[in-house]
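Data block below; observations after.
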Amino acid sequence: MKTAYLSLIFVLATASASAFAQPAAGTCEAKRQEISNDIAAAREKGLTEKVRGLERALAQNQHHCSDAKLSAAHAKKVRAEEKKVAQRQRDLDTAQHDGNAKKIARRQAKLDEAKAELERVKAQPPGATVK
Numbered sequence: 055m056k057t058a059y060l061s062l063i064f065v066l067a068t069a070s071a072s073a074f075a076q077p078a079a080g081t082c083e084a085k086r087q088e089i090s091n092d093i094a095a096a097r098e099k100g101l102t103e104k105v106r107g108l109e110r111a112l113a114q115n116q117h118h119c120s121d122a123k124l125s126a127a128h129a130k131k132v133r134a135e136e137k138k139v140a141q142r143q144r145d146l147d148t149a150q151h152d153g154n155a156k157k158i159a160r161r162q163a164k165l166d167e168a169k170a171e172l173e174r175v176k177a178q179p180p181g182a183t184v185k
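Under our numbering, the final residue of the sequence shown carries the number 185; numbering is consecutive throughout.
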């Protein structure tokens, strides 16, 4: 339970916007800056448990985050979405070959969704949280 709570805090901390100028989006330094800003905000509100969780998240970021890892993870997500688009295209081709209009429409809709998701992932900077 505690691990899930800390993971949730980390995700929220890295996804939250801050009012301060930040380094380039998608970098480890940007994530550290976001977490630091969230720590300051939590301290101002007296949220000691949240501060502790954010400090742990910051320590994890400092020890384990590298821009190369973020870029590699982003490239992996893009490849996965490209595979999904290719599979959806094959499914559509099969449906078109069979000539079933309902199946063609469903497969086309799924292909369109997969293409939209691929574009969304490509547009995000490395390290951005994907929902």
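For every residue, glycine included, the Cβ atom is placed at its ideal position computed from N, Cα and C.
Candidates Glu98, Arg161, Ala122, of which the one nearest glutamine 141 by Cα: As a position in the sequence shown, residue 141 is number 87, starting the count at 1. Among Glu98, Arg161, Ala122, the Cα nearest to that of glutamine 141 belongs to Arg161.
Where the alpha helix (DSSP H) containing cysteine 82 begins and where it ends: If you number the sequence shown from 1, residue 82 lands on position 28. 82-99 is the extent of the alpha helix (DSSP H) around cysteine 82.
Tell me whether serine 125 sits in a helix, a strand or coil according to DSSP, three-state version. Residue numbering aside, residue 125 sits at position 71 when the sequence shown is read from its first letter. For serine 125, the secondary structure class from DSSP, reduced to helix, strand or coil, is helix.
What do you get for valine 184, buried or exposed, if any count of 16 or more other CB atoms within 10 angstroms of its CB means buried? Looking up residue 184 in the sequence shown gives position 130. At valine 184, the pLDDT of 49 sits below 50, so the modelled position is not reliable and the matter cannot be decided from this model.
Below 8 Å, how does it come out for the segment 139-157 and the segment 87-97: are there three or more Cβ pairs, yes or no? no
Below 8 Å on the Cβ atoms is my guess for valine 175 versus lysine 130; work out the distance and round it to an integer in Å. For the purposes of this step, residue 175 is identified with residue 121 of the sequence shown, where counting begins at 1. For the purposes of this step, residue 130 is identified with residue 76 of the sequence shown, where counting begins at 1. Contact flag wrong, Cβ pair sits at about 10 Å.
Start-to-end residues for the alpha helix (DSSP H) that takes in glutamine 178: Locating residue 178 in the sequence shown gives position 124, counting from the first residue. Per DSSP, glutamine 178 belongs to no alpha helix (DSSP H) and is neither H nor E.
Rounded to whole angstroms, what's the CA-CA distance from histidine 117 to glutamate 135? Just pull it up for me. Sequence index remark: in the sequence shown, residue 117 carries index 63 (1-based). Sequence index remark: in the sequence shown, residue 135 carries index 81 (1-based). Their backbone Cα atoms lie some 29 Å apart in a straight line.
Would you call glycine 153 buried or exposed, if buried means 16 or more other Cβ atoms sit within 10 Å of its Cβ? For the purposes of this step, residue 153 is identified with residue 99 of the sequence shown, where counting begins at 1. Exposed, by the Cβ-count rule.
Take leucine 165 and list the residues in its own chain whose beta-carbon comes closer than 8 Å to its own, dropping the five residues that flank it on each side. On the sequence shown, residue 165 is found 111 positions in, with the first residue counted as 1. Val139, Arg142, Gln143, Asp145, Leu146.
For my contact list, proline 180 and leucine 112 are in at a C-beta cut-off of 8 Å; report their separation, rounded to the angstrom. The sequence position of residue 180 within the sequence shown is 126, counting from 1. The sequence position of residue 112 within the sequence shown is 58, counting from 1. At roughly 19 Å, the Cβ-Cβ gap does not stay under 8 Å, so proline 180 and leucine 112 are not in contact.
How big is the Cα-Cα spacing for glutamine 114 and glutamate 167? Locating residue 114 in the sequence shown gives position 60, counting from the first residue. Locating residue 167 in the sequence shown gives position 113, counting from the first residue. If you take the alpha carbons of glutamine 114 and glutamate 167, they lie about 35 Å apart.
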